[in-house]
Structures are given as C-alpha cells and as structure tokens.
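The numbering of the first sequence is our numbering, which starts it at 1 and goes up by one. Below: one structure, written as structure tokens.
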Amino acid sequence: MSKGVTPQSKDFAAWYTDVVVKTGLADYGPVKGTMVIKPYGFSLWQNIKKSLDDMLVSSGHQNAYFPLFIPKSFLAQEAEHVEGFAKECAVVTHTRLKADDDDLIVDPDSKLEEEVIVRPTSETVIWSMYKKWIQSYRDLPILINQWANIVRWEMRTRLFLRTTEFLWQEGHTAHATAKEAEEETLKILDIYRTLAEDYLALPVLTGIKTDAEKFAGADRTYCIEAMMGDKRALQAGTSHNLGQNFAKAFNVTFQTKDNQEELVFATSWGVSTRLVGALIMSHGDDKGLRLPPKVAPIQVMIIPIGKTDDEKKQAIEFINPAVSTLRKSGVRVEVDDRNESPGFKFNDWEMKGVPLRLEIGPRDMAENSVSISRRDSGEKSAIGINDVAKSIPALLDNIQQNLFQQAQSFRNSHTKKIDSYDEFKSFMNETGGFALCGWDGTAETEQSIKNETKATIRCIPLSDNPKGLKCIYSGKAAKHEVIFAKAY
RNA sequence: CGGGGUGUAGCGCAGCCCGGUUAGCGCGCGUCGUUCGGGACGACGAGGUCGGAGGUUCAAAUCCUCUCACCCCGACCA
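Dropping the structure here:
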C-alpha cells in the first residue's frame with residue numbers, strides 16, 4: 001500500500017475511493033455494489049445515527065421495525081411508485097438450494113407462488129399495516145421511524161454514495177389533515193438541516209424538488225442539498241409529503257369526529273449512509289479525512305514520544321489525569337501506543353481525520369505542557385498540562401465551527417446568479433458549482449438543459465422569489481428561481 | 001446492454017509480443033536487533049493450483065479457442 005491518498009486535484013473520484021478504503025471506513029463486499037462498513041466507518045455512522053435518533057425521538061417519533069420482504073403485488077399498488085422502483089428490485093423467487101453433482105443449484109421445486117421483493121423502501125409494507133391499525137381520528141397521528149437496510153439494484157455504485165444495499169432511517173407518518181402532514185414534512189426537513197449543519201458541519205440548501213426529481217409516489221419532495229469538494233451537488237436527505245396517494249393505494253381511511261370517512265394523509269422521509277460520503281467529500285483534503293468533532297469516532301488522539309519504552313510510559317502517565325477528566329466529560333480520547341514511529345502516527349491519524357492530536361515527549365514534560373495540533377487548520381501550539389482538560393472541549397467546538405464556515409464559504413464562492421444560457425453552459429462545463437437561475441417551470445426546459453449540460457435542478461429553494469426573472473433557457477417569464485448543478 | 005480494459009503472493013505490479021525447466025519486484029506480514037519530536041533501518045523468514053476449462057507443443061504465466069469475474073466510460077439512477 002502506497003503512502004497517503006491520491007491528491008484531490010489529480011482525480012477527485014480516485015481521491016474519494018482512496019480515502020474510504022485507506023482510512024478503514026469501508027471495503028468492497030464480494031457481491032458487486034456491496035460494501036462492508038468497517039469499525040471506523042460504522043462508529044462514524046453510529047454517531048450520526050445517535051444524533052438524529054435523539055432529535056426524532058424528542059420530537060415525538062417512535063422507532064419500530066418492519067419486514068425486509070414485501071409481496072411483489074404491494075409494489076404495484078401505487079402507479080408512480082412501481083414505475084420508480086421496479087427497475088432496481090431484488091426479487092426472491094425460490095427458497096432452497098440443492099446439491100447437483102459438485103454444484104449447488106436453485107431447487108426448482110422451491111419456487112414461490114408469489115414472488116417476494118427485498119424492500120427498496122418501505123411505504124407499501126408499512127401502509128398495508130397502517131390499514132389494520134387506523135380506524136378513527138383517535139388513532140392519528142402515527143409517527144413511526146425505522147432504522148433499516150434496503151436494497152436498490154443500481155447499475156453503477158460508489159462506496160457510501162450509491163451501494164446496492166445501504167443503511168438508512170425511514171420515517172412514515174399518518175395524519176388526519178393535509179395541513180398536519182405538510183407541517184410534519186417541514187419539521188423533518190428542519191431536523192435534517194440541523195443534523196447536517198450543526199452535527200456534520202455541512203451547510204445545506206433547503207428546497208423543493210421539481211416533478212421530474214421528486215419521489216415516486218409523493219405530492220411534494222423537500223430536500224437538503226449540499227456542495228461537495230468538486231463543486232458537484234449531493235442530495236443529502238429528503239422529506240416527502242405523500243398526500244393521500246398511499247392511503248388511496250392501500251385503502252386506508254379513518255372516521256372523523258363528525259363521523260365522516262376520510263383518506264389518511266402521509267409523509268415519509270429518510271437519510272442514509274450516504275451522509276458519510278457527504279462528510280468525506282465536503283471536508284476532506286489531500287491528507288485525507290477531516291471529521292467534524294461532533295461525529296468523529298475519535299476526537300483526540302494522544303501520541304506518546306520517547307526514545308525508550310520507559311519514556312513513553314512516563315508520557316502516558318503524565319497525560320493520564322487529563323485523559324480521565326476528558327473521558328468523564330464525554331470526550332472521545334484515545335492513546336496510540338503502537339510500536340510505530342511518531343511520523344507514521346501523525347500521518348495515519350491525519351489521514352483518518354481525527355480533529356485534535358496531542359504529542360507528549362520529554363521536551364513537553366520538561367515544559368510541563370503538551371503539544372497540540374488541529375486537523376482542520378494544521379495549527380500547532382503548546383498548552384500547559386493543567387489546562388488541557390478544560391481547553392480541549394472549547395477547541396473541539398471551534399474546529400466544528402471552522403469546518404462549517406470553510407464549507408459554507410466554499411459553497412458561497414461557487415454559487416452564482418446566471419442569466420445567460422451561454423454563460424450557464426460554460427459555467428457547467430468548465431467552472432462548476434451551483435447556478436441560481438430563472439426557470440419557466442416546464443418539464444421540457446428542465447429536460448433540455450439536462451440533455452445539453454448534464455445539469456439538473458437540485459431544488460427550488462424555500463426562499464424562491466422569481467419576480468422579474470426570465471427563464472435561462474426559454475427566455476419566458478420565470479416561474480421559479482432554482483438551483484442548477486451537476487449532481488452525484 | 002454498447003465501447004474500452006484488467007485478472008500473476010494480502011495489496012500494487014513486472015514477466016507474455018519473441019514458449020525453456022527453481023515465476024520475480026515493491027509495499028505489507030513474522031522473528032530478532034538497532035531506532036523513535038513528521039511516513040526509520042538491518043538481518044533472517046513465511047507466503048503463488050500465474051481467474052477457470054480445453055487445445056497446440058518435448059515444454060505454456062507466455063501461443064490458440066471457449067468461459068467466468070471485476071474495473072472504467074456510456075446508457076440508467078429520489
């Protein structure tokens with residue numbers, strides 16, 4: 001294995017893969033498009049998961065678990081939904097294997113009467129259950145979330161960004177009124193924005209998807225969109241207002257207070273392990289990862305330095321009281337006592353994105369201090385041993401803020417208002433970034449622009465104000481001011 | 001499914017065109033010793049049905065045929 005990772009400027013895609021594999025976040029699985037999330041990557045995911053789960057639970061949602069397998073017929077119940085997912089479903093057709101000479105073959109006698117699909121998302125199975133659970137307005141709302149794995153048999157995959165199987169959470173709520181469902185959809189969008197910005201240090205645009213880009217079966221899809229280090233857009237989370245579409249498909253009605261029968265209103269929403277990819281691509285640099293402290297598996301790595309084992313042991317003893325204090329206050333601190341050279345360890349933990357590194361050697365101990373390095377800025381300084389425990393939380397906080405600000409100013413400096421299509425084309429082909437443009441609201445315009453430039457409408461920002469704008473493509477009066485970008 | 005490419009040690013590769021008997025190199029790995037403040041070094045050592053099947057030949061990693069797998073580009077993709 002060569003040292004370090006491919007520089008971003010040389011090949012962003014190769015840099016990304018290098019980072020994921022060499023830092024031990026994930027590895028390729030044996031089946032095409034699958035990945036193993038290794039302990040370091042899983043720990044990162046669990047920190048993200050914990051942050052979001054706390055917010056979901058404290059906003060009144062409950063966790064539950066629905067089956068992996070769905071009757072094939074369920075998918076067909078909602079017309080747009082089936083069209084959206086049919087092409088990427090794993091289908092279970094048999095239940096047994098049998099020996100055939102030296103080989104294992106599918107036992108033809110075990111063919112299923114009704115084939116079963118592996119969930120690509122759970123709306124259908126969940127709504128088939130909600131039908132049983134909902135009779136009266138008193139049964140509403142239902143606010144359920146599940147943490148699960150799903151399978152979408154995509155043709156082209158990339159670690160964390162698009163894998164055949166991935167982990168996510170999917171919320172599925174049922175409401176008595178359209179207003180309540182819309183409020184829920186927006187509440188979740190705001191929780192996702194908070195997760196991205198306050199925990200992942202990832203500035204996001206919130207907006208609504210065009211009909212072409214919305215979820216198959218939704219009335220409206222809201223999303224958070226982020227800019228990656230190569231200026232391409234990544235959809236980081238979606239929140240759908242499903243209206244009464246799934247209630248119609250599964251015939252889920254309830255009795256109102258005044259004894260009327262009405263269809264239930266629904267929402268669904270999800271974020272996935274793709275967020276890990278978003279973190280990597282928005283904060284990473286040529287040395288590797290730069291993890292935001294709030295979700296970093298290790299926040300502080302301690303490197304003892306000494307010519308002898310004895311000196312290293314002294315260094316560890318020197319820092320131990322501070323380590324205990326930090327751990328008690330919830331800081332994730334580790335000591336690297338591997339038998340490697342200090343230089344190797346510095347590079348290793350920098351690649352792995354640990355926010356703070358403490359070096360302790362004879363020189364530090366003589367000064368009664370420790371050397372401290374920030375991964376975000378590369379800054380190094382010395383801190384008195386007695387100040388370590390109290391300054392580190394503040395430093396971690398500062399790193400969290402700084403990563404957010406760097407990502408935000410990067411995005412802002414690559415976001416441009418454009419009103420000529422010629423400029424738009426060269427922006428998409430050469431410069432790259434987010435283009436803020438007028439759009440006439442037609443699917444034809446959207447499709448033509450996609451065909452000609454590969455740029456898509458990422459979202460109609462919630463702050464939409466098309467007054468006086470003209471469509472970048474047709475020149476007609478703009479219906480919306482939208483964000484165009486090339487996306488993952 | 002179209003176009004291109006690659007399969008040789010855990011990883012990255014050379015050898016193949018022009019067949020030759022013990023198949024190499026770097027990294028990594030093991031043991032021991034010296035090192036240790038920005039990717040240390042030495043000695044010794046372990047590790048291979050050369051993707052698979054068939055063929056040509058005295059002889060195949062190398063030539064021929066078939067086959068499988070994976071990667072990249074495209075089409076596709078909430």
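All C-beta atoms in this analysis are idealised placements derived from N, C-alpha and C, irrespective of residue type, glycine included.
- Judged by DSSP secondary structure, Phe434 falls within the beta strand (DSSP E) whose first and last residues are Phe434 to Trp439.
- Within a 10 Å sphere around the beta-carbon of Ile319 sit 16 or more other beta-carbons, which makes this residue buried.
- The alpha-carbon of Val354 is positioned some 44 angstroms away from that of Ile472.
- The alpha-carbon of Ser9 is positioned some 12 angstroms away from that of Gly284.
- For the pair Leu263 and Leu140, the Cα-to-Cα distance works out to about 12 angstroms.
- Exposure of Asn149 is indicated by the presence of fewer than 16 other C-beta atoms within 10 angstroms of its C-beta.
- By DSSP's assignment, Pro71 forms a beta bridge with Val116.
- Cβ contact annotation for Ser268 (same chain, cutoff 7 angstroms, sequence separation greater than five): Glu123, Glu170, Gly171, His172, His240 and Leu242, in chain order.
- Between the alpha carbons of Phe424 and Phe434 lies a distance of about 10 angstroms.
- Taking the C-beta atoms as reference points, Ala201 is found nearer than 7 angstroms to Gln400.
- For the 7 angstroms CB-CB criterion, Val116 and Val92 form a contact.
- Inclusion of Ile126 and Phe66 in the CB contact set at 7 angstroms is warranted, their separation being smaller than that value.
- Distance from the CA of Lys131 to the CA of Thr210, rounded to the nearest whole angstrom, comes to 30 angstroms.
- Secondary structure remark: continuous alpha helix (DSSP H) runs of at least 4 residues inside the region 138-200, in chain order: 178-194.
- Straight-line measurement puts the Cα of Ala315 at about 8 angstroms from the Cα of Pro362.
- For Lys476 and Gly441, the gap between their C-alpha atoms comes out near 10 angstroms.
- Leu275 places its beta carbon 7 angstroms or farther from that of Ile105.
- With contacts defined by Cβ atoms closer than 7 angstroms, Thr95 and Ser110 form a contacting pair.
- Cα atoms of Leu358 and Pro342: separation of roughly 11 angstroms, rounded to the nearest angstrom.
- Note: Arg374 is bridge-paired with Leu356 in the DSSP secondary-structure output.
- Under the three-state reduction of DSSP output, Thr456 falls in the strand class.
- The alpha carbon of Pro393 has as its nearest neighbour, out of Val323, Asp310 and Gly229, the alpha carbon of Val323.
- Rounded to the nearest whole angstrom, the C-alpha separation of Ala178 and Val19 is 45 angstroms.
- Secondary structure of Glu213 (DSSP, three-state): coil.
- Within its own chain, the residues whose Cβ lies closer than 8 angstroms to the Cβ of Pro108, once the five positions on either side in sequence are excluded, are His94, listed in chain order.
- Judged by DSSP secondary structure, Gly475 falls outside any alpha helix (DSSP H); it is assigned neither H nor E.
- Ranked by Cα distance from Val151, the options Pro304, Thr221, Thr206 and Arg162 are led by Arg162.
- Cβ contact annotation for Ala26 (same chain, cutoff 7 angstroms, sequence separation greater than five): Val20, Met35, Val36, Ile37, Lys38, Gly41, Leu159 and Phe160, in chain order.
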